[in-house]
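Enquirer: Residue numbers (our numbering): 28 to 455.
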Amino acid sequence: MPIEFDLPDYSPESWTSRDSVAIWAELRWYLTGRLPIIVIPELAKQTLDNDELYKAFLTGEAENESIVAKGMYPARRSNIGSVGQTVSDSSEGQGSNNWTIAGQLTASGLPLVASDPHIAFGSISCWYEAHLSGAGFNVAGTGYAGVPGLLFGRNEKVAWGLTNNICAQRDLYKEKENPEKPGYYLYDGQWEQAVKTTATITVKGQSPVTRTIRRTRNGPIVDEIIPEAASHTGPVSLRWMGEDPCDEISSMLDMNRANTANEFRKALRPWIVPTFSFVFADSEGHIGYQASGRLPIKKDWDRGYRPGWDPEHQWNETIRFEEMPSITDPSNGWIRSANNRTAPEDFPYPLSGVWSSGYRAQRIREMIESEATHTRETVNEMQMDVVAQRAVDTIPGLLQLLTGTNANNLDKKLTFLKTGMEECLPIV
Numbered sequence: 028m029p030i031e032f033d034l035p036d037y038s039p040e041s042w043t044s045r046d047s048v049a050i051w052a053e054l055r056w057y058l059t060g061r062l063p064i065i066v067i068p069e070l071a072k073q074t075l076d077n078d079e080l081y082k083a084f085l086t087g088e089a090e091n092e093s094i095v096a097k098g099m100y101p102a103r104r105s106n107i108g109s110v111g112q113t114v115s116d117s118s119e120g121q122g123s124n125n126w127t128i129a130g131q132l133t134a135s136g137l138p139l140v141a142s143d144p145h146i147a148f149g150s151i152s153c154w155y156e157a158h159l160s161g162a163g164f165n166v167a168g169t170g171y172a173g174v175p176g177l178l179f180g181r182n183e184k185v186a187w188g189l190t191n192n193i194c195a196q197r198d199l200y201k202e203k204e205n206p207e208k209p210g211y212y213l214y215d216g217q218w219e220q221a222v223k224t225t226a227t228i229t230v231k232g233q234s235p236v237t238r239t240i241r242r243t244r245n246g247p248i249v250d251e252i253i254p255e256a257a258s259h260t261g262p263v264s265l266r267w268m269g270e271d272p273c274d275e276i277s278s279m280l281d282m283n284r285a286n287t288a289n290e291f292r293k294a295l296r297p298w299i300v301p302t303f304s305f306v307f308a309d310s311e312g313h314i315g316y317q318a319s320g321r322l323p324i325k326k327d328w329d330r331g332y333r334p335g336w337d338p339e340h341q342w343n344e345t346i347r348f349e350e351m352p353s354i355t356d357p358s359n360g361w362i363r364s365a366n367n368r369t370a371p372e373d374f375p376y377p378l379s380g381v382w383s384s385g386y387r388a389q390r391i392r393e394m395i396e397s398e399a400t401h402t403r404e405t406v407n408e409m410q411m412d413v414v415a416q417r418a419v420d421t422i423p424g425l426l427q428l429l430t431g432t433n434a435n436n437l438d439k440k441l442t443f444l445k446t447g448m449e450e451c452l453p454i455v
């Protein structure tokens with residue numbers, strides 16, 4: 028065995044398909060669990076009494092930079108108000124980007140596809156670069172280690188990449204437990220008994236750890252994994268689409284075998300979790316975008332916890348694949364995504380996203396539009412770009428505000444900001 032196994036005195040068990048499914052489930056949870064995204068709005072509700080202030084708190088930066096633009100979909104059919112988005116993280120260290128440029132804008136006359144994921148660095152990388160050849164496959168790219176198929180890559184006819192389209196595929200529910208009959212929870216005026224199961228986790232060198240799991244009709248009680256400050260309402264349960272039957276691995280293998288952009292899009296139909304933003308192109312010159320995954324249709328789209336006892340807050344059905352956001356051969360000749368808003372608020376269905384700011388998407392758009400003709404080299408330059416669009420928008424005003432201010436060491440700080448503007452923000 029390699030030294031990585033010898034040093035910790037570790038002998039792995041034989042690999043099975045069950046292991047691949049478990050690893051894929053871990054990635055799905057990593058990308059779609061994210062319970063603080065629900066907990067934070069719930070805490071904000073308790074703190075921010077003003078509705079406008081609460082909505083402003085949930086609204087991200089550069090929200091006008093959506094992937095799918097107005098005019099690419101029918102007008103909203105229902106009178107659903109805005110539900111806001113999320114607080115944008117000021118750190119741009121994580122987050123993914125992708126884009127495809129049609130042949131009308133490239134030197135070769137054929138499309139270009141670029142994609143760079145930014146999952147947090149780990150001492151053992153989750154990504155594995157590979158070339159799969161044989162049994163109907165001839166595909167090169169990068170996959171999630173331990174999972175069959177390649178998430179990013181190209182075959183002889185199609186190239187593709189993805190970013191996380193951070194839409195809500197889970198809900199947290201407040202539960203009312205019967206004080207006289209523990210283990211019974213209220214739903215639609217009736218007390219229903221929770222289902223109890225036990226899970227045993229083996230730990231090397233220690234005794235096994237056993238956990239009792241209580242499950243209401245909404246899902247398992249998850250009080251132990253949410254902040255104490257957010258569990259004052261009583262028991263909280265989780266409804267997660269990742270618990271439903273899913274077959275993304277088969278979908279991924281069909282993606283890898285696709286011969287046209289249309290075949291690639293069709294391969295995404297069975298995809299359930301996570302919601303991804305795929306861009307793709309084929310050797311015939313077609314480019315496209317598809318939001319993959321399934322999103323629940325809800326009667327109430329408010330953020331934060333939902334009342335688990337109210338039938339009005341149950342999931343009814345999901346948005347059909349054909350009605351998820353998509354783009355085919357846009358007239359402008361390019362598509363990009365960067366964890367930004369998928370579509371404007373008048374999209375036929377609220378997507379209930381918690382997207383990152385639109386600054387990276389804005390910068391990608393500016394770089395694509397700044398060149399009349401793109402090549403591999405211009406795309407490489409785009410991927411190495413270090414311009415921080417947030418700084419472009421905020422530093423000039425900050426410099427103007429601080430200039431002339433009397434404060435200790437302010438001159439040094441102003442010099443640092445000005446140097447940064449000159450060296451790192453070349454478009455200013």
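Every residue, glycine too, gets a C-beta built ideally from N, C-alpha and C. Values in this document were obtained by computation on a predicted structure and should not be read as measured data.
DSSP three-state label for ILE299, please.
Expert: If you number the sequence shown from 1, residue 299 lands on position 272. ILE299 falls in the coil class under three-state DSSP.
Enquirer: Less than 8 Å between the CB atoms is what I'm expecting for THR59 and VAL300, so what's the real figure, rounded?
Expert: Residue mapping note: residue 59 aligns to position 32 of the sequence shown, counting from 1. Residue mapping note: residue 300 aligns to position 273 of the sequence shown, counting from 1. Sure, about 6 Å apart at Cβ, within 8 Å.
Enquirer: My guess is that LEU189 and ASN286 are in contact by the Cβ rule of under 8 Å, so how many angstroms apart are they, rounded?
Expert: Numbered from 1 along the sequence shown, position 162 holds the residue referred to as residue 189. Numbered from 1 along the sequence shown, position 259 holds the residue referred to as residue 286. LEU189 to ASN286, Cβ: 19 Å. No contact.
Enquirer: Quick one: measure Cβ to Cβ for ALA365 and ILE391, integer angstroms, because I've assumed they're closer than 8 Å.
Expert: For the purposes of this step, residue 365 is identified with residue 338 of the sequence shown, where counting begins at 1. For the purposes of this step, residue 391 is identified with residue 364 of the sequence shown, where counting begins at 1. Going by Cβ atoms, the distance from ALA365 to ILE391 rounds to 6 Å, so yes, they are a contact pair.
Enquirer: Quick test of your reading: ALA157 and LEU177, contact by CB under 8 Å. State the CB separation rounded to the nearest angstrom.
Expert: For the purposes of this step, residue 157 is identified with residue 130 of the sequence shown, where counting begins at 1. For the purposes of this step, residue 177 is identified with residue 150 of the sequence shown, where counting begins at 1. Confirmed, about 7 Å.
Enquirer: With a threshold of 7 Å on Cβ separation, who are the neighbours of ALA71 within its own chain once the five nearest residues in sequence on each side are excluded?
Expert: Here the question's residue 71 lines up with position 44 in the sequence shown. Excluding positions up to five away in sequence, the list reads TYR81, PHE84.
Enquirer: Applying the 10 Å Cβ sphere with the 16-neighbour rule, what's the burial state of VAL174?
Expert: The residue labelled residue 174 in the question sits at position 147 within the sequence shown. Under this definition VAL174 is a buried residue.
Enquirer: Going straight from the alpha carbon of GLY232 to that of SER38, what length do you get?
Expert: As a working mapping, residue 232 is identified with position 205 in the sequence shown. As a working mapping, residue 38 is identified with position 11 in the sequence shown. One C-alpha to the other measures close to 14 Å.
Enquirer: Measuring straight from C-alpha to C-alpha, what distance separates SER142 and ALA167?
Expert: Numbered from 1 along the sequence shown, position 115 holds the residue referred to as residue 142. Numbered from 1 along the sequence shown, position 140 holds the residue referred to as residue 167. Taking the straight line from one Cα to the other gives about 14 Å.
Enquirer: Please work out which residues of its chain come closer than 7 Å, Cβ to Cβ, to ARG244, disregarding the five sequence neighbours upstream and downstream, and give them in chain order.
Expert: The residue given as residue 244 occupies position 217 in the sequence shown. Closer than 7 Å at the Cβ level, and outside the excluded window around ARG244, lie TYR214, GLU219.
Enquirer: Determine the closest residue to ALA134 out of ARG368, THR400, PRO262, with distance taken between C-alpha atoms.
Expert: Taking the sequence shown and counting its residues from 1, one reaches residue 134 at position 107. For ALA134, the nearest C-alpha among the options comes from THR400.
Enquirer: Around the C-beta of ARG368, are 16 or more other C-beta atoms found within 10 angstroms, so that it is buried, or is it exposed?
Expert: The count along the sequence shown starts at 1 and reaches residue 368 at position 341. Classification of ARG368: buried, given that the 10 Å Cβ count is 16 or more.
Enquirer: Contact check, LEU265 vs PRO254 under 8 Å by CB: the rounded distance?
Expert: As a working note, residue 265 is residue 238 in the sequence shown. As a working note, residue 254 is residue 227 in the sequence shown. Not quite, the Cβ-Cβ distance comes to about 14 Å (not below 8 Å), so this is no contact.
Enquirer: Using DSSP with H/G/I as helix, E/B as strand and the rest coil, what is ILE94?
Expert: Your numbering for residue 94 matches position 67 in the sequence shown. Reduced to three states, the DSSP call for ILE94 is coil.
Enquirer: Evaluate MET411 with the Cβ neighbour count: other Cβ atoms within 10 Å of its Cβ, from every protein chain shown; 16 or more gives buried, anything less gives exposed.
Expert: What you label residue 411 is simply residue 384 of the sequence shown in a count that begins at 1. When all chains shown are included, MET411 counts as exposed.
Enquirer: Under DSSP, the alpha helix (DSSP H) around TYR81 begins and ends at which residues?
Expert: Walking along the sequence shown from the start, residue 81 turns up at place 54. 78-85 is the extent of the alpha helix (DSSP H) around TYR81.
Enquirer: On a Cα-Cα basis, can you pick out the residue from SER234, ARG238, GLY216 that is closest to ALA226?
Expert: Taking the first residue of the sequence shown as 1, we reach residue 226 at position 199. Of SER234, ARG238, GLY216, the residue nearest in Cα terms is ARG238.
Enquirer: THR229 to PRO235, Cα distance in whole Å?
Expert: Against the sequence shown, residue 229 aligns to sequence position 202. Against the sequence shown, residue 235 aligns to sequence position 208. The straight-line gap from Cα to Cα measures roughly 5 Å.
Enquirer: Is ARG330 close to the ligand SAM? I mean its beta-carbon at under 7 Å from any heavy atom of the ligand.
Expert: The ligand SAM is not among the ligands present in this structure, which contains no ligands whatsoever.
Enquirer: Report yes if the CB atom of TRP187 is closer than 8 Å to the CB atom of PHE307, and no otherwise.
Expert: Within the sequence shown, numbered from 1, the residue matching residue 187 stands at position 160. Within the sequence shown, numbered from 1, the residue matching residue 307 stands at position 280. In contact: TRP187 and PHE307 (Cβ atoms closer than 8 Å).
Enquirer: Kindly confirm or deny that the stretch 201-210 and the stretch 309-326 touch, where touching means at least three C-beta pairs closer than 8 Å.
Expert: No, the stretch 201-210 is not in contact with the stretch 309-326.
Enquirer: Bridge partners of LYS201, per DSSP?
Expert: Looking up residue 201 in the sequence shown gives position 174. LYS201 is bridged to VAL263, PRO334.
Enquirer: Could you name the residues of the same chain whose beta carbon sits closer than 6 Å to that of ARG333, not counting the 5 residues immediately before and after it, in chain order?
Expert: Your numbering for residue 333 matches position 306 in the sequence shown. Here the set comprises ASP198, TYR200, HIS340.
Enquirer: DSSP state of PRO29, grouped into three classes?
Expert: Here the question's residue 29 lines up with position 2 in the sequence shown. The answer is coil: DSSP assigns PRO29 none of H, G, I, E or B.
Enquirer: Within a Cβ cutoff of 6 Å, which residues of the same chain sit near ALA370, ignoring the five residues on either side of it in sequence?
Expert: Start at 1 with the first residue of the sequence shown, and residue 370 comes out as number 343. Result list for ALA370: SER93, VAL95, PRO352, in chain order.
Enquirer: Take LYS325 as the anchor and find which of TRP342, SER44, ASP337 has the nearest alpha-carbon.
Expert: Indexing the sequence shown from 1 puts residue 325 at position 298. For the residues TRP342, SER44, ASP337, the minimum Cα distance to LYS325 belongs to TRP342.
Enquirer: Have a look at VAL114 and PHE303 and give me their C-alpha separation to the nearest angstrom.
Expert: Taking the first residue of the sequence shown as position 1, residue 114 is located at position 87. Taking the first residue of the sequence shown as position 1, residue 303 is located at position 276. Residue placement at VAL114 cannot be trusted, given a pLDDT of 46 that sits under 50; what the coordinates show is reported in the next sentence. Approximately 20 Å between the Cα atoms of the pair.
Enquirer: Rounded to whole angstroms, how far is the Cβ of MET99 from the Cβ of ILE354, which I believe are closer than 8 Å?
Expert: The residue you call residue 99 lines up with position 72 of the sequence shown. The residue you call residue 354 lines up with position 327 of the sequence shown. That pair is a contact at about 6 Å.
Enquirer: Note the first and the last residue of the continuous beta strand (DSSP E) segment covering SER191.
Expert: For this step, residue 191 is matched to residue 164 along the sequence shown. According to the sequence shown, residue 191 is Asn rather than Ser. Looking at the DSSP string, the run of the beta strand (DSSP E) that includes ASN191 is 185-191.
Enquirer: Please state the DSSP three-state secondary structure of ALA308.
Expert: Counting from 1 along the sequence shown, the entry for residue 308 is found at position 281. Note: ALA308 maps to strand in three-state DSSP.
Enquirer: Between ALA221 and the rest of its own chain, which residues show a CB-CB distance below 8 Å, the 5 nearest in sequence each way excluded?
Expert: For the purposes of this step, residue 221 is taken as the residue at position 194 of the sequence shown. The answer, listed in chain order, is GLY210, TYR211, TYR212, ARG241, ARG242, THR243, ILE248.
Enquirer: Inspect the beta-carbon positions of TRP361 and THR127 and report whether they are closer than 8 Å.
Expert: Within the sequence shown, numbered from 1, the residue matching residue 361 stands at position 334. Within the sequence shown, numbered from 1, the residue matching residue 127 stands at position 100. Yes. Within cutoff.
Enquirer: At the level of alpha carbons, what is the spacing between VAL413 and ASP420?
Expert: Numbered from its first residue, the sequence shown carries residue 413 at position 386. Numbered from its first residue, the sequence shown carries residue 420 at position 393. When rounded, the distance between both Cα atoms is 15 Å.
Enquirer: Just the Cα atoms here: how many angstroms apart are CYS194 and THR430?
Expert: Here residue 194 refers to the residue found at position 167 when the sequence shown is read from its first residue. Here residue 430 refers to the residue found at position 403 when the sequence shown is read from its first residue. Rounded to the nearest angstrom, the two C-alpha atoms are 42 Å apart.
Enquirer: Under a Cβ-count criterion, where at least 16 other Cβ atoms within 10 Å of its own Cβ denotes burial, should PHE148 be classed as buried or exposed?
Expert: Within the sequence shown, the letter at position 121 stands for residue 148. By the 10 Å Cβ count, PHE148 comes out exposed.
Enquirer: Can you tell me which of the three DSSP states SER109 falls into?
Expert: Taking the sequence shown and counting its residues from 1, the one referred to as residue 109 is at position 82. With a pLDDT of only 46 at SER109, under 50, the local geometry of the prediction cannot be trusted, and no value is derived from it.
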